[in-house]
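Novice: The numbering of the sequence shown is numbering that gives the first Met the number 0, which starts it at 0 and goes up by one.
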Amino acid sequence: MRLTIRSIALCTALVLTAVPSFGQQDFSNVTIETTKVADGLYMMVGAGGNLGVSVGEDGVFLVDDQYAPLTDKIRKAIAAVTDQEIRFVVNTHWHGDHTGGNENLGSGGAVIVAHGNVRERMSTEQFLALWQQTVPPSPKAALPVITYDDSVTFHLNGQTIHAFHVPPAHTDGDSVVVFKELDVIHAGDLFFNGLYPFIDVGSGGHIDGVIKAVETIAGHAGEKTKIIPGHGPLADKSDLMAYHAMLVAVRDAVKPLVEQGKSRDEVIAAKPTAALDEKWGQGFLKPDVFAGIVFDGLTADKK
0 MRLTIRSIAL
10 CTALVLTAVP
20 SFGQQDFSNV
30 TIETTKVADG
40 LYMMVGAGGN
50 LGVSVGEDGV
60 FLVDDQYAPL
70 TDKIRKAIAA
80 VTDQEIRFVV
90 NTHWHGDHTG
100 GNENLGSGGA
110 VIVAHGNVRE
120 RMSTEQFLAL
130 WQQTVPPSPK
140 AALPVITYDD
150 SVTFHLNGQT
160 IHAFHVPPAH
170 TDGDSVVVFK
180 ELDVIHAGDL
190 FFNGLYPFID
200 VGSGGHIDGV
210 IKAVETIAGH
220 AGEKTKIIPG
230 HGPLADKSDL
240 MAYHAMLVAV
250 RDAVKPLVEQ
260 GKSRDEVIAA
270 KPTAALDEKW
280 GQGFLKPDVF
290 AGIVFDGLTA
300 DKK
């Protein structure tokens, strides 16, 4: 699924608002764009993580819910494709651009589900070093009420929906959601399509973990599988493997510099991502920042 200039421009504009921030942002001009992925399954794009929306007679099954101020817009977008209520919300990880709507939806009767580490991190104060931002504990209504260690399976709307945890990658609470009969995967922030990814080292993230997680996702994907990334346009397996190749190339460029004892500033100054920046460095996470994140993960191994 080749990325067009328009799609890259659109996803770059949207990802500029995708920082997992709880600070003041203006969402008044954000629109929710809906793409039909398969019968009864939609991808919705607004500000923050991409949504997966399964609809049918059993109700609405939602993957992630962006920011709290967007809940009404998300509800209206869902109402345009079904008259059913939101029954379940699965969070792919704890960041606010994927869980910000939890309190609104949980208070409205939706059952929130996630890996146990998501509830643990949302229950306690967190710190996002990249933005020097302290994130307070979430209110009770925002917390997942059902958690799992390895996986959970839903049988809704004529579909088998399987959510499973992967070892620490983007964070320590990442889940992948597979819509089996529809041959669709929601990858959460394990996959930034066409963009350098944010890896939350402070929450257990690591580039090696992301690489392994992408390989796991690829093992569930065929040539016709559609993949909803955490950020960026709808994808297929070839897009995922291009992303994997980029991650490996960056890791393999930074790791020898770390082993040589180079400092963080020296590694960034060496421009280890230079050959990849034109394609991957046009999103909110600039090349030098990504190189620093990879360095942080690799040096954390030595502590």
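By construction, the Cβ of each residue, glycine as well, lies at the ideal position given by its N, Cα and C atoms.
Predicted, not measured: the structure shown is a model, and the values here were computed from it.
Could you check the C-alpha separation between Val288 and Val89 for me, to the nearest Å?
Specialist: 29 angstroms
Novice: Rounded to a whole number of angstroms, what is the C-alpha to C-alpha distance between Gly172 and Lys261?
Specialist: In a straight line, the C-alpha of Gly172 is about 31 angstroms away from that of Lys261.
Novice: Can you check the region 81 to 112 for any alpha helix (DSSP H) of at least 4 residues that lies completely inside it and give the ranges in chain order?
Specialist: 95 to 98 and 101 to 106
Novice: Which residues in the same chain as Leu155 place their Cβ atom closer than 6 angstroms to its Cβ, once the five residues preceding and following it in sequence are excluded?
Specialist: Asp57 and Phe60
Novice: Strictly by DSSP, which residues pair up with Asp235?
Specialist: Lys225
Novice: Are the CB atoms of Gly201 and Ala128 within a distance shorter than 9 angstroms?
Specialist: yes
Novice: Considering Glu32, what are the terminal residues of the beta strand (DSSP E) in which it resides?
Specialist: Glu32 to Ala37
Novice: With 16 as the cutoff for other CB atoms within 10 Å, does Trp279 come out buried or exposed?
Specialist: buried
Novice: Check the DSSP bridge columns for Phe60 and list the partner residues they point to.
Specialist: DSSP lists Ser53 and Phe87 as partners of Phe60.
Novice: Between Thr81 and the rest of its own chain, which residues show a CB-CB distance below 8 angstroms, the 5 nearest in sequence each way excluded?
Specialist: Val54, Gly55 and Val59
Novice: Please report the distance separating the alpha-carbon of His169 from that of Ala113.
Specialist: Going from the Cα of His169 to the Cα of Ala113 covers about 15 angstroms.
Novice: For Gly291, which three-state DSSP category applies?
Specialist: Here DSSP, grouped into helix, strand and coil, assigns Gly291 to helix.
Novice: Quick check on DSSP: helix, strand or coil for Gly187?
Specialist: strand
Novice: Could you tell me whether the Cβ atoms of Gln65 and Ile73 are closer together than 9 angstroms?
Specialist: yes
Novice: Report the residue ranges of all alpha helix (DSSP H) runs contained in full by the region 194 to 225; include only those spanning at least 4 residues, in chain order.
Specialist: 206 to 218
Novice: In angstroms, rounded to a whole number, what distance separates the CA positions of Phe21 and Leu246?
Specialist: Confidence at Phe21 is low in this model, with a pLDDT of 44, below 50, so the placement of that residue should be treated as unreliable; the coordinate-derived value is given next. When rounded, the distance between both Cα atoms is 28 angstroms.
Novice: Alpha carbon to alpha carbon, how far is Ala141 from Asn103? Give it in angstroms, no decimals.
Specialist: 8 angstroms
Novice: I believe His97 touches Gly47 by the beta-carbon criterion, under 8 angstroms. Please report the beta-carbon distance rounded to the nearest angstrom.
Specialist: 6 angstroms
Novice: Drop a sphere of 10 angstroms on the beta-carbon of Val177, count the other beta-carbons inside from all chains shown, and report buried for 16 or more, exposed for fewer.
Specialist: By the neighbour-count criterion, in which a residue is buried when 16 or more other Cβ atoms sit within 10 angstroms of its Cβ, Val177 is buried.
Novice: First and last residue of the beta strand (DSSP E) that includes Ala162?
Specialist: Residues Gln158 to His164.
Novice: Assign Ala273 to one of two classes, buried (16 or more other C-beta atoms within 10 Å of its C-beta) or exposed (fewer than that).
Specialist: exposed
Novice: Just list the residues that DSSP pairs Ser150 with in beta bridges.
Specialist: Phe163
Novice: Let me know the secondary structure DSSP gives Ser27 once reduced to three states.
Specialist: The answer is coil: DSSP assigns Ser27 none of H, G, I, E or B.
Novice: So is Ala268 buried or exposed if we call it buried at 16+ other beta carbons inside 10 Å?
Specialist: exposed
Novice: According to the Cβ coordinates, are His189 and Ile216 closer than 9 angstroms?
Specialist: Reading the sequence as shown, one finds Leu at residue 189 and not His. Taking the C-beta atoms as reference points, Ile216 is found nearer than 9 angstroms to Leu189.
Novice: Specify, as a first and last residue, the run of the beta strand (DSSP E) that Thr123 falls within.
Specialist: Thr123 -> no beta strand (DSSP E), and no H or E assigned at all.
Novice: List the DSSP bridge partners of His230.
Specialist: Phe191
Novice: Here's a check: name, in chain order, each residue in its chain whose Cβ is nearer than 6 angstroms to the Cβ of Pro286, leaving out the five neighbours to either side.
Specialist: Once the five neighbours on either side are set aside, the close Cβ partners of Pro286 are Thr272, Asp276 and Gly280.
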